[in-house]
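Q:
Residue numbers (this note's numbering), protein chains in the order written: chain V, 121 to 479; chain S, 121 to 479.
In structure tokens, the structure reads:
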């Protein structure tokens, strides 16, 4: 991997490699547009022909697009549909590949009406892995996000004690991350105590922490558009024997999966290693989600580390490893790191120790 | 308007009034699902037949749906498409109306494949105004959100002075709103100083405030899911004569529009009043956006107060009035309140004075 001060031409070339039978591709996912041009606005459309690139924005974003976007013409339009129609007409575009998860049916039906001669083809999964392998600059940003987040957690960890509410902790953690340089929290921070820790997607509420609680903190920061993702589970003493045992087992599953990560292994194989580790301990039924996911401009992106996934890990991918055990009505434990895949092994980017910590 | 402890049956009845030729409606917009059932999860699908209601969620949200959703059966499915397919098959649903702005083409194509006999019809604009008229409980929540936000702004207003950065102010304001009881900021807070104030959608950056700046603060809070939206523009002294003059003109446009708001007036008429007020002063070309929008479970919802809109204001609607003047490269001024439409006139819900304030 080399550092490239202008990564966009190479990215657009990779995009064009998938243009196949189409005259142009329609890129609608905000993060893909950012990846391909540098434009960070939250609304825009990118059209890529074989030798041209057109970024369509409305009047709110024209100035920003002119300042940010690289290697593309910029057109201002009142609506996405009007813009696509005009550019497609002007450039005699007949066959258009498009990101079908990011186009609404409303716009799709209007486009078919306005461009009756055009053929619209949903793009295959090809674009899903466009951003999966990161370059050095991207990795540096994820690393920075993880460090900002980890420092914030270290600074507020003393708040995790009886009588403090979940949402107070989440708020202070997000505030500290932003004071520390994060553009924003990577997602709505999860602080889940007691029975709430048994919900994989709990939202922090008014529940106060009590002695004997497991407290799951799932959090991340954004730096330069790139996300980090880490989960620590603390036990507010006294810890029961069962809690210590389950923590040890989740940690073991997490460690085994991480030890297996390297370029060339399938995503499904990593999931299987974590899953079998918990199944051996009789806890398989309580591990109710996938083992991990890619992290980058989105906090969830390709690849997915889940059962049966045949995608192959490549050097430069950044993925989470996050086994968890959830005992409904009781408590839960999840342990998550974000790691960089290397030719041999991987490097953990999230900074917080995953040793059992009883507070 | 009366307070109704369970508003959902009436809302679902209004929804069903639009079922027309269809056997069922597919509701996909998260806020519409919340409005119709009380379910606050961020992923789900609601199907409404003439005498049945089915909420489809994946395993992450089953427990939450059972605890929150009112008047609906709950089904757990791995994917939206699988869920819709199963329920439509079981209930012999042939004609399906759906929210076309909220369905992706990817899911649409899969549904057509899995339900080859079904007819899918995009819903007309009908659902857009489903939530436009608020009940007392909704108004109370918007009012509360506006007060939480206003108190937070009052508490941090002293930060608006030379050498303080835009993003520091935005961060402290959001933190104060959440400490004051907001679930979150209503949107990414805008603090735009100097030339940034000439961008209607500026994002707060590292620019430090300087003497002579206009500083636009566009901010809001969320309370019980309901949003507030308010913009104050401060001038950090010394204020120029031109700044004072433009402030007075924007304020005049804002006041005239608010004085005209009452049930029975069209949205376009309110926009025209604000626009003509600025045109009279020769500033029409610098007022580059609509005059306002509805506020509720979304920060932008129906109705839109924009040129030519024939929708009629009704008592109980909550809308913003936000004229602004933007002088590119120089500075800008926007003044915004959120108001409740009444039979006679309107009530301003946002608490901050719009008198010219030179700090």
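C-beta atoms are modelled at their ideal positions from N, C-alpha and C, and glycine is treated no differently.
Using a Cβ cut-off of 9 Å, which residues of the segment 212 to 232 of chain S contact any Cβ in chain V, in chain order?
A: Against chain V - using a Cβ distance shorter than 9 Å - the residues of the segment 212 to 232 of chain S are 218, 219, 220, 221, 222, 223, 224, 225, 226, 227, 228 and 229.
Q: Please tell me whether residue 444(S) has its Cβ less than 8 Å away from any Cβ of chain V.
A: Residue 444(S) does not count as touching chain V.
Q: Can you tell me whether DSSP reads residue 157(S) as helix, strand or coil?
A: Helix at residue 157(S).
Q: Among all the DSSP beta bridges, which residues are the ones paired with residue 414(S)?
A: Partner(s): 421(S) and 439(S).
Q: Any beta carbon from chain V within less than 8 Å of residue 169(S)'s own beta carbon?
A: No, no contact with chain V.
Q: Taking a Cβ distance cut-off of 9 Å, strictly less, list which residues of the segment 176 to 203 of chain V are near chain S, in chain order.
A: Answer in chain order: 179, 180, 181, 183 and 184.
Q: Starting from residue 408(S), find everything on chain V with Cβ-Cβ shorter than 7 Å and list it in chain order.
A: Chain V residues near residue 408(S): 179.
Q: Any Cβ of chain S within less than 8 Å of the Cβ of residue 242(V)?
A: Output row for residue 242(V): interface = yes.
Q: By the criterion of Cβ-Cβ separation under 8 Å, what are the contact partners of residue 295(S) in chain V?
A: The contacting residues are 291 and 295.
Q: Compare the C-beta of residue 140(S) with all C-beta atoms of chain V and state if any pair is closer than 8 Å.
A: Answer no: the Cβ-Cβ gap between residue 140(S) and chain V never drops below 8 Å.
Q: Check each residue of the segment 354 to 377 of chain V: if its Cβ is closer than 8 Å to any Cβ of chain S, include it; give the result in chain order.
A: If the cut-off is 8 Å between Cβ atoms, the segment 354 to 377 of chain V has nothing near chain S.
Q: So for residue 133(V), helix, strand or coil by DSSP?
A: If DSSP states are grouped into helix, strand and coil, residue 133(V) belongs with the helices.
Q: As a quick exercise: from 417(V), 436(V), 385(V) and 458(V), pick the residue whose alpha carbon is nearest that of residue 428(V).
A: When each option's Cα is compared against that of residue 428(V), the closest is 385(V).
Q: Using CA coordinates, which residue listed in 259(S), 224(S), 147(S) and 209(S) is at the minimum distance from residue 435(S)?
A: Cα-wise, what sits closest to residue 435(S) is 259(S).
Q: Measure the alpha-carbon distance for residue 242(V) versus residue 323(V) and round it to whole angstroms.
A: Going by the C-alpha atoms only, they are around 35 Å apart.
Q: For residue 123(S), which residues from the same chain have a beta carbon less than 8 Å from its beta carbon, with the 5 sequence-adjacent residues on both sides left out?
A: In this prediction, residue 123(S) scores a pLDDT of 44, lower than 50, which makes its location untrustworthy; the coordinate-derived value is nonetheless stated afterwards. Here the set comprises 255, 256 and 257.
Q: Mapping the DSSP letters down to three states, classify residue 216(V) as helix, strand or coil.
A: Strand at residue 216(V).
Q: If the cut is a Cβ gap below 9 Å, which residues of chain S does residue 398(V) touch?
A: Those within 9 Å of residue 398(V) in chain S number zero; the least Cβ separation is about 17 Å.
Q: Measure the C-alpha to C-alpha separation of residue 375(S) and residue 474(S) and round it to an integer number of angstroms.
A: Cα to Cα, the separation comes out at about 10 Å.
Q: Taking the DSSP output, what are the residues bridged to residue 284(V)?
A: DSSP, once it has assigned bridges, lists no residue as partnering residue 284(V).
Q: State the start and end residues of the unbroken beta strand (DSSP E) segment that holds residue 444(V).
A: From DSSP, the beta strand (DSSP E) with residue 444(V) extends over 444 to 447.
Q: From the beta carbon of residue 281(V), is the nearest beta carbon of chain S less than 8 Å away?
A: With 8 Å as the cut-off, residue 281(V) does not count as an interface residue toward chain S.
Q: Comparing the C-beta of residue 319(V) with each C-beta of chain S, is any distance below 8 Å?
A: Cβ-Cβ to chain S under 8 Å: yes for residue 319(V).
Q: For the beta strand (DSSP E) containing residue 458(V), name the first residue and the last one.
A: Looking at the DSSP string, the run of the beta strand (DSSP E) that includes residue 458(V) is 457 to 461.
Q: With DSSP run on the structure shown, which of helix, strand or coil describes residue 176(V)?
A: Reduced to three states, the DSSP call for residue 176(V) is strand.
Q: Kindly confirm or deny that the segment 220 to 235 of chain S and the segment 217 to 227 of chain V touch, where touching means at least three C-beta pairs closer than 8 Å.
A: As far as the Cβ criterion goes, the segment 220 to 235 of chain S touches the segment 217 to 227 of chain V, which means the pair count is three or higher.
Q: Name the two residues that bound the continuous beta strand (DSSP E) containing residue 468(V).
A: First-last of the beta strand (DSSP E) with residue 468(V): 466 to 468.
Q: Please compile the residues from chain S whose C-beta is within a distance smaller than 8 Å of the C-beta of residue 299(V).
A: Per Cβ cutoff of 8 Å: 291.
Q: Answer with yes or no whether the minimum CB distance from residue 123(S) to chain V is below 8 Å.
A: In this prediction, residue 123(S) has a pLDDT of 44, which is less than 50 and means its spatial position is unreliable; what the coordinates show is noted afterwards. For residue 123(S), the answer is no, since every Cβ of chain V falls outside 8 Å of its Cβ.
Q: Any idea if residue 121(S) is buried or exposed, counting beta-carbon neighbours within 10 angstroms, 16 or more meaning buried?
A: Annotation note: pLDDT 41 at residue 121(S) (below 50); position unreliable, coordinate value reported separately. With fewer than 16 Cβ atoms within 10 Å of its Cβ, residue 121(S) is classed as exposed.
Q: Using the C-alpha atoms, what's the distance from residue 334(V) back to residue 317(V)?
A: Those two C-alpha atoms are separated by around 7 Å.
Q: Give me the DSSP bridge partner(s) of residue 338(V).
A: Beta-bridge pairing links residue 338(V) to 310(V) and 351(V).
Q: According to DSSP, simplified to helix, strand and coil, what is residue 299(V)?
A: Three-state result, residue 299(V): helix.
Q: Measure how close the beta-carbons of residue 468(V) and residue 457(V) come, nearest whole angstrom, since I'm counting them as under 8 Å.
A: Yes, they are in contact, since the Cβ atoms of residue 468(V) and residue 457(V) sit about 5 Å apart, within 8 Å.
Q: How many whole angstroms separate the CB atoms of residue 339(S) and residue 269(S), which I take to be in contact at a CB cut-off of 8 Å?
A: Indeed they touch by this definition, with Cβ atoms about 6 Å apart.
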